[in-house]
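Colleague: Have a look at this one.
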Amino acid sequence: MGSAILSSASIFTCRPLLDNLKANSRLATSNQTTFLGKDYIKTKSFTRTSMTVAVNVSRFNDVTMAPPDPILGVSEAFKADTHEMKLNLGVGAYRTEDLQPYVLKVVKKAENLMLERGENKEYLPIEGLAAFNKATAELLFGADNAVIQEQRVATVQGLSGTGSLRLAAALIERYFPGSKILISAPTWGNHKNIFNDAGVPWSEYRYYDPKTVGLDFEGMIADIKAAPKGSFVLLHGCAHNPTGIDPTPEQWEVIADVIQEKSHIPFFDVAYQGFASGSLDKDASSPRLFAARGMELLIAQSYSKNLGLYAERIGAINVVCSSSEVAQRVKSQLKRIARPMYSNPPIHGAKIVANVVGNPDLFNEWKDEMELMAGRIMSVRRKLYDSLSAKDKSGKDWSFILKQIGMFSFTGLNKAQSDNMTNKWHVYMTKDGRISLAGLSSAKCEYLADAIIDSFHNIS
Ligand SMILES: Cc1ncc(COP(=O)(O)O)c(C=O)c1O
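Each number in the numbering used here comes from the position in the sequence shown (counting from 1) with 572 added on.
Written out as structure tokens, the structure reads:
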């Protein structure tokens, strides 16, 4: 610690110190004096003199420097770079073709409606805005779904996807002590942090096959089968992060079979509903498939990407239970967990979602905008593939890029190659080889292809 911390010490607690200080202070012309190489500042306080001691040792001296976040740290390094071709493909945030952040038109319209109505900023209940909770569960399952009709879903508004995952992790730790959660290898960088901090043990199931840059389906099934009965299994609802590789509908059926056989509890992370394929229903098909089998499951939702509400921190945790009575009890416990963590959730994003999803005109406009966003990502994905195929004369098959879905592409570049992308080409990305295509413009596809080809062939 470079900075000195001032601590107050009563001089009456240390007689020899006092005598020395008195002697020293007689010589001092100002309020400052020195003793044993340290600086002291004399202060007068009513009837007695006290000394403020400037010490170089902080009480927080044992706190070590935390490493920068592997995803958010990339944006900080990007900002500091002044190269004109620099590209930030680290964070998963949608950019326009001019690579600018984008606020959806429907979001602006919903905010205008809120302003016109002059809505207040009173606290929300612990479980969040009722209209939001209704809208979000219906968006996830479809309003006609049996789980909604039978009121079997405990829905609590959360602090976006991350906060919703964290609430569920705390519920697991409390009600299933010692149960472990299986996480795909690899997964979104924050999953392990979330379960670590909540005290939920985790292990990995095979997911990514570097040989095919595709799904290791056999490995995945074998690992889920081998886990202790009643484990939780974390699944990405769609657009798996970081690989962009999703199981096929047939593979989802097999995954559900195995989870049912082993009495595991599925836990879906749905952070990209509508953003993967452009269709809200299609992207929710995997959790719906599990719910249709009558299984109990957890689903965390996020509106960061599909409504571009990143900083509003709006999402939800949904627990599908076997009866409405169990769902009520689960909800009461989720609220109990939320109360001491953050008391109650923020209102602004919840109202935006409720207004967009609850208003047929805005809802349809949202679907159109989402299709545009998903479409732009698909078109740069195609252009990147075309550029790689045209420029790379080695015969390497780059078609895996087209098979991947959603915001991300897992390039298969290793850490040294990813470092070369950044250091030589000013392309900022996570060190696992993931690039966010949402941060790429058509204009820069060829440049990116050059960077990938150079890094892949010239760096081992
Ligand atoms: C798989 C996955 N889950 C959850 C999240 C949570 O995001 P947020 O907390 O911003 O909603 C993300 C964000 O990148 C993600 O990729």
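By construction, the Cβ of each residue, glycine as well, lies at the ideal position given by its N, Cα and C atoms.
Within 10 Å of its beta-carbon, does Asp829 have 16 or more other beta-carbons around it, so buried, or fewer, so exposed?
Modeller: It counts as exposed.
Colleague: According to DSSP, is Val772 part of a helix, a strand, or is it coil?
Modeller: Residue state, collapsed to three classes: coil.
Colleague: Roughly how many whole angstroms lie between the Cα atoms of Pro697 and Asn916?
Modeller: Rounded to whole angstroms, Pro697 to Asn916 spans 6 angstroms at the Cα level.
Colleague: Answer yes or no: do Ala946 and Phe847 have a C-beta to C-beta separation smaller than 7 angstroms?
Modeller: A contact, by the Cβ cut-off of 7 angstroms.
Colleague: Rounded C-beta distance between Trp774 and Asn813? I'm assuming under 8 angstroms.
Modeller: Their Cβ separation, rounded to whole angstroms, is 16 angstroms, which puts Trp774 and Asn813 out of contact at 8 angstroms.
Colleague: How would you label Lys764, buried or exposed, when you count the other beta carbons within 10 angstroms and need 16 or more for buried?
Modeller: Classification of Lys764: exposed, given that the 10 Å Cβ count is below 16.
Colleague: Using a threshold of 6 angstroms, is the CB atom of Asn890 nearer than that to any non-hydrogen atom of ligand 1?
Modeller: Answer for Asn890: no, Cβ out of range of ligand 1.
Colleague: Span of the alpha helix (DSSP H) holding Pro912?
Modeller: Taken as a continuous stretch (DSSP letters only), the alpha helix (DSSP H) holding Pro912 covers 896-914.
Colleague: Between Tyr777 and Ile796, how many whole angstroms is the CB-CB distance? I'm expecting something under 8 angstroms.
Modeller: Contact holds; Cβ gap of about 6 angstroms.
Colleague: Helix, strand or coil: how does DSSP classify Gln845 here?
Modeller: In this structure, Gln845 counts as coil in the three-state DSSP scheme.
Colleague: What is the C-beta distance between Ala741 and Val719, in whole angstroms, given that I count them as a contact (C-beta under 8 angstroms)?
Modeller: About 22 angstroms; that fails the 8 angstroms criterion.
Colleague: Here's a check: name, in chain order, each residue in its chain whose Cβ is nearer than 7 angstroms to the Cβ of Val999, leaving out the five neighbours to either side.
Modeller: Closer than 7 angstroms at the Cβ level, and outside the excluded window around Val999, lie Leu659, Leu661, Met993, Leu1020, Ala1023.
Colleague: Quick one, are the C-beta atoms of Ile1091 and Leu737 less than 7 angstroms apart?
Modeller: Because the chain is modelled from 573 through 1032, residue 1091 falls outside the range shown and cannot be assessed.
Colleague: Between the alpha carbons of Thr654 and Ser647, how many angstroms are there, rounded?
Modeller: So the two alpha carbons sit approximately 13 angstroms from each other.
Colleague: Measuring CB atoms only, is the region 669-676 touching the region 849-865, in the sense that at least three cross pairs come out at less than 8 angstroms?
Modeller: Because the criterion of three Cβ pairs below 8 angstroms is not met, the region 669-676 and the region 849-865 do not touch.
Colleague: For Asn992, is the beta carbon positioned less than 6 angstroms from some heavy atom of ligand 1?
Modeller: Flag unset: Cβ of Asn992 not near ligand 1.
Colleague: Can you name, in chain order, every residue of its own chain whose Cβ lies under 7 angstroms from the Cβ of Pro642, other than the five neighbours on each side?
Modeller: The answer, listed in chain order, is Gly761, Thr1002, Lys1003.
Colleague: Arg1092: buried (16+ other C-beta within 10 angstroms of its C-beta) or exposed?
Modeller: Residue 1092 is absent from the structure shown; the chain starts at 573 and stops at 1032.
Colleague: With 16 other CB atoms within 10 Å as the buried threshold, where does Gln729 fall?
Modeller: Buried, because 16 or more other Cβ atoms sit within 10 Å of the Cβ of Gln729.
Colleague: Alpha carbon to alpha carbon, how far is Asp781 from Asp788?
Modeller: About 5 angstroms.
Colleague: Excluding the 5 residues preceding and the 5 following Lys616 in the sequence, name in chain order all residues of the same chain whose CB lies nearer than 6 angstroms to its CB.
Modeller: Note that Lys616 scores a pLDDT of 49, beneath 50, so its modelled location is shaky; the value from the coordinates is reported in the next line. The answer is none, since no qualifying residue turns up.
Colleague: Pairing CB atoms from the region 973-991 with CB atoms from the region 861-875, are three or more of them under 8 angstroms?
Modeller: These segments do not touch.
Colleague: Would you mind stating whether Ala922 and Ser874 have Cβ atoms separated by less than 7 angstroms?
Modeller: Their beta carbons are not under 7 angstroms apart, which means Ala922 does not touch Ser874 by this criterion.
Colleague: Please state the DSSP three-state secondary structure of Tyr957.
Modeller: Tyr957 falls in the helix class under three-state DSSP.
Colleague: Alpha carbons only, please: which of Phe982, Ala638, Ala703, Asp769 is nearest the one belonging to Leu956?
Modeller: Cα-wise, what sits closest to Leu956 is Phe982.
Colleague: Does the pairing of the region 932-943 with the region 900-908 give three or more beta-carbon distances under 8 angstroms?
Modeller: With a cut-off of 8 angstroms, the region 900-908 and the region 932-943 do not count as touching, because too few Cβ pairs lie within range.
Colleague: For Pro1080, count the other beta carbons within 10 Å of its own beta carbon; 16 or more makes it buried, fewer makes it exposed. Which is it?
Modeller: Outside the shown range of the chain, which is 573 to 1032, sits residue 1080, and nothing can be said about it.
Colleague: Please name the residue in Arg724, Ala652, Leu644, Glu1018 whose C-alpha comes closest to that of Gly866.
Modeller: Checked all of Arg724, Ala652, Leu644, Glu1018; the closest Cα to Gly866 is Arg724.
Colleague: Do the CB positions of Asp952 and Ser1014 come within less than 7 angstroms of each other?
Modeller: A small fix is needed here, since residue 952 is Val in this sequence, not Asp. Contact flag set, yes.
Colleague: Reducing DSSP to helix, strand and coil, say where Leu589 ends up.
Modeller: Because Leu589 carries a pLDDT of 45, less than 50, the predicted location of this residue cannot be relied on, and the following value inherits that uncertainty. In this structure, Leu589 counts as helix in the three-state DSSP scheme.
Colleague: Can you check which of these residues, Gly967, Gly984, Arg954, is closest to Leu974 by C-alpha distance?
Modeller: Checking every option, the nearest Cα to that of Leu974 belongs to Arg954.
Colleague: Under three-state DSSP, which class holds Thr734?
Modeller: Helix.
Colleague: Mind checking Thr727: buried by the 16 CB within 10 Å criterion, or exposed?
Modeller: So Thr727 counts as buried.
Colleague: If distances are taken between C-alpha atoms only, which option among Ser896, Gly880, Trp970, Ser966 comes closest to Gly733?
Modeller: The candidate whose alpha carbon is nearest that of Gly733 is Gly880.
Colleague: Measuring alpha carbon to alpha carbon, tell me which residue in Met950, Gly978, Tyr882 is nearest Asp855.
Modeller: That would be Gly978, whose Cα lies nearest to the Cα of Asp855.
Colleague: When DSSP labels each residue in this structure, what does Ser1027 get in the three-state scheme?
Modeller: DSSP places Ser1027 in helix when its eight states are reduced to three.
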